[in-house]
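Take a look at the structure set out below.
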Amino acid sequence: MAAAGVVAAPLRPGRAWTAAYDIRLALPLGAFFLVFFLAPLALLVLVSFYADPGMTRFGLDQYARFLLDPFSLRVLGATLWLGVEVTALTLLLGLPLALLLTWAPGRLRGLLTLIVLLPLLTSVVVRTFAWIVILGRQGIVNAGLLALGLTDTPLKLLYTEGGLVLALAQVQMPLMVLPLVTALSRIDPNLADASAALGAGAWRTFLRVTLPLCLPGIVAGCLLTFAAAITAFITQSLIGGGQMLFMPMYLYQQASSLNNWPFAAAIAIVFLVAVLACVTLLNLVGRLSRGRAQA
Amino acid sequence: MRTRLRRDVDWFSFHGTVLLLAGLCLVLLAAPTVIVVVVSFTSGFSLRFPPPGYSLRWYAALAEAEQLRAAAWNSLVVAGWTTLLSVVLGTAAALAIARSPRLSARLLDSLFLSPLVLPALAFGLAALMLFSLAGIPVSPLTLILGHTVVCVPFVVRTTVAALSQMDPVLLESSTSLGASRLTTFRRVTLPLIRPGILAGGFIAFMASFDNVPVSLFLRDAATDMLPIRMWQDLEGRLDVTVAAASSLLILATVVLAVVMERAAGLSRRMAG
Numbered sequence: 001m002a003a004a005g006v007v008a009a010p011l012r013p014g015r016a017w018t019a020a021y022d023i024r025l026a027l028p029l030g031a032f033f034l035v036f037f038l039a040p041l042a043l044l045v046l047v048s049f050y051a052d053p054g055m056t057r058f059g060l061d062q063y064a065r066f067l068l069d070p071f072s073l074r075v076l077g078a079t080l081w082l083g084v085e086v087t088a089l090t091l092l093l094g095l096p097l098a099l100l101l102t103w104a105p106g107r108l109r110g111l112l113t114l115i116v117l118l119p120l121l122t123s124v125v126v127r128t129f130a131w132i133v134i135l136g137r138q139g140i141v142n143a144g145l146l147a148l149g150l151t152d153t154p155l156k157l158l159y160t161e162g163g164l165v166l167a168l169a170q171v172q173m174p175l176m177v178l179p180l181v182t183a184l185s186r187i188d189p190n191l192a193d194a195s196a197a198l199g200a201g202a203w204r205t206f207l208r209v210t211l212p213l214c215l216p217g218i219v220a221g222c223l224l225t226f227a228a229a230i231t232a233f234i235t236q237s238l239i240g241g242g243q244m245l246f247m248p249m250y251l252y253q254q255a256s257s258l259n260n261w262p263f264a265a266a267i268a269i270v271f272l273v274a275v276l277a278c279v280t281l282l283n284l285v286g287r288l289s290r291g292r293a294q295a
Numbered sequence: 001m002r003t004r005l006r007r008d009v010d011w012f013s014f015h016g017t018v019l020l021l022a023g024l025c026l027v028l029l030a031a032p033t034v035i036v037v038v039v040s041f042t043s044g045f046s047l048r049f050p051p052p053g054y055s056l057r058w059y060a061a062l063a064e065a066e067q068l069r070a071a072a073w074n075s076l077v078v079a080g081w082t083t084l085l086s087v088v089l090g091t092a093a094a095l096a097i098a099r100s101p102r103l104s105a106r107l108l109d110s111l112f113l114s115p116l117v118l119p120a121l122a123f124g125l126a127a128l129m130l131f132s133l134a135g136i137p138v139s140p141l142t143l144i145l146g147h148t149v150v151c152v153p154f155v156v157r158t159t160v161a162a163l164s165q166m167d168p169v170l171l172e173s174s175t176s177l178g179a180s181r182l183t184t185f186r187r188v189t190l191p192l193i194r195p196g197i198l199a200g201g202f203i204a205f206m207a208s209f210d211n212v213p214v215s216l217f218l219r220d221a222a223t224d225m226l227p228i229r230m231w232q233d234l235e236g237r238l239d240v241t242v243a244a245a246s247s248l249l250i251l252a253t254v255v256l257a258v259v260m261e262r263a264a265g266l267s268r269r270m271a272g
């Protein structure tokens, strides 16, 4: 029997590994997702088409209510804009750090990687809590400003959009830096040397060689950061406070305090579509840039 | 001479800018963690930094904080079961879809990873609707089911990555040496992908332990979860006990992460 196996194996090369395991092994998770992921999402769509909170008749009333209401549209706009601001700040600070990481020798690189990873491994509540300590009236920023005589009274930093963008940038930074490091370390170092040998300066080499080649990494990082920043419910509510309302909190208020499930479902669907549209758009940009990087 | 000078200015301005921004970024990344740990040792009653004096009083207070302890236990139990379910379902699915060129495998891959980009709060609400329609009351069980949906993608992702890095020649030689499929799986495949499964399981555990959006909808009033408890404590009053709890969480995470780094090369797998 064993001998037959030895003879048989070379007769069908590759077959043993391209389909090494039966596709049916995916059935348990597939069934699990059908019942606990796809069915709930279908139900969410269905509930959003109820016209009244009592869920007695169907209609597009909830969507009309959202899309014709300036307040709801402002919440959606503010949420997407917040994502753009946070993504821009993480890119501005994350790209230099990613560059530094690729330059650093072994041991230092390990230490820097740990610093980048730490926020990702710390509880979101803990990370957000730290920013309350920093930005609060008795916080470190205000203490410094008072000590330097730059201000007489403590500044209001917590519950402002600037404070929120800064806190979210820290919370989401690893999601930007990690794909950037991956993309940068794939670039052939000879290319930068060649660029320098041909007379290009450091800035020119960065702008014309490094930046275009790591565009796929930039797109991947922006995608993750953007999606995480606009859905970061905890940070938004703790640092933003009650005055600033964003989509996740809007959804939660309607569903939980007001018990208006159809409207909450419509908010969720509008939010889902907006997120998917942004992700698809960024993905498209990424595919185009990858094509250019290879050409 | 002039071009030489210009090159130097160019070189220094570029590297100086990168160093400055990267330094700012490192401070931004590390400062909050450091400050929370320092503040947790304050002798005062407020979150002032730097603290007026140092003591262990808030750690002593933590030992008596029954609510936080009960919440931490609930979170641990839910995260444990979620991780177990995620590893079993996720590894089997990863074996089925990794390296397969079939369209069905590619579609399943996208499906299994999609909870990563969808707003978790929307899924939480949807799951609550399903359970109430089916007449199932929310309980720790519904929590575990909901958490598994949002945590299993991590296991699928790291295990698929480990499988696609595996050299197929190893499987062929194992088969041609007469090993059965089960033996090949146990003796060749499993040891090679174990680090990937471990890393995915670790991330899934952390994601479940830290989850708020799904827990908000799927827990019953009697089941208090740690991140929600801490969040509500923070919204009510700025309590230093939370700083002590946070510091303990940071310590536990760092220890776990270092162990995982040794066992599974965690940082490499998270970057992928």
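So the protein sequences, as listed, match chains Y and Z.
Numbering follows our numbering, with no gaps: position 84 of the first sequence is 84.
Numbering follows our numbering, with no gaps: position 84 of the second sequence is 84.
Virtual Cβ for every residue (Gly too), placed ideally from N, Cα, C.
The structure presented is a predicted model; accordingly, all values stated were derived computationally and were not measured.
- For the options Z:241, Z:66, Z:218, Z:198, the alpha carbon positioned closest to that of residue 259 (chain Z) is the one of Z:198.
- Taking C-alpha positions only, residue 56 (chain Z) is separated from residue 231 (chain Y) by approximately 36 Å.
- DSSP places residue 58 (chain Y) within a strand segment (E or B) once states are collapsed to three.
- Closest in alpha carbon position to residue 86 (chain Y), among Y:165, Y:153, Y:123, Y:187, is Y:165.
- Along the region 48 to 69 of chain Y, there is no position whose C-beta sits under 8 Å from a C-beta of chain Z.
- By the criterion of a C-beta distance shorter than 8 Å, residue 195 (chain Z) is surrounded in its chain by 162, 263, 264, 265, 269, once the five residues flanking it on both sides are discounted.
- If the five residues before and after residue 90 (chain Y) are omitted, its C-beta is found closer than 7 Å to the C-beta atoms of 169, 172, 173, 176, 225, all from its own chain and listed in chain order.
- Interface flag for residue 10 (chain Z) against chain Y is set, since a Cβ pair is found closer than 9 Å.
- In the three-state scheme derived from DSSP, where H, G and I count as helix and E and B as strand, residue 250 (chain Y) is classed as helix.
- Residue 146 (chain Z) and residue 201 (chain Y) have their C-alpha atoms spaced approximately 53 Å apart.
- For residue 77 (chain Y), the uninterrupted alpha helix (DSSP H) segment begins and ends at 70 to 103.
- In the structure shown, the three-state DSSP call for residue 21 (chain Y) is coil.
- Counting only the Cα atoms, residue 206 (chain Z) lies some 22 Å from residue 110 (chain Y).
- Neighbours of residue 129 (chain Z) across chain Y, judged by C-beta separation under 8 Å: 40, 43, 44, 47, 261, 265.
- Burial check for residue 134 (chain Z): the Cβ neighbour count within 10 Å stays below 16, so the residue is exposed.
- In the structure shown, residue 210 (chain Y) falls within a helical segment according to DSSP collapsed to helix, strand and coil.
- Contact residues of the region 217 to 235 of chain Y toward chain Z are 227, 231, 233, 234 (C-beta to C-beta distance below 7 Å).
- DSSP places residue 59 (chain Z) inside the alpha helix (DSSP H), whose first and last residues are 57 to 64.
- At a C-beta separation below 9 Å, residue 23 (chain Y) has these neighbours in chain Z: 96, 97, 100, 102, 104, 105, 108.
- It is roughly 14 Å from the alpha-carbon of residue 261 (chain Z) to the alpha-carbon of residue 116 (chain Y).
- One Cα belongs to residue 50 (chain Z), the other to residue 141 (chain Y), and the distance between them is close to 11 Å.
- Here residue 218 (chain Z) really is in contact with residue 142 (chain Z); their C-beta atoms are around 5 Å apart, less than 8 Å.
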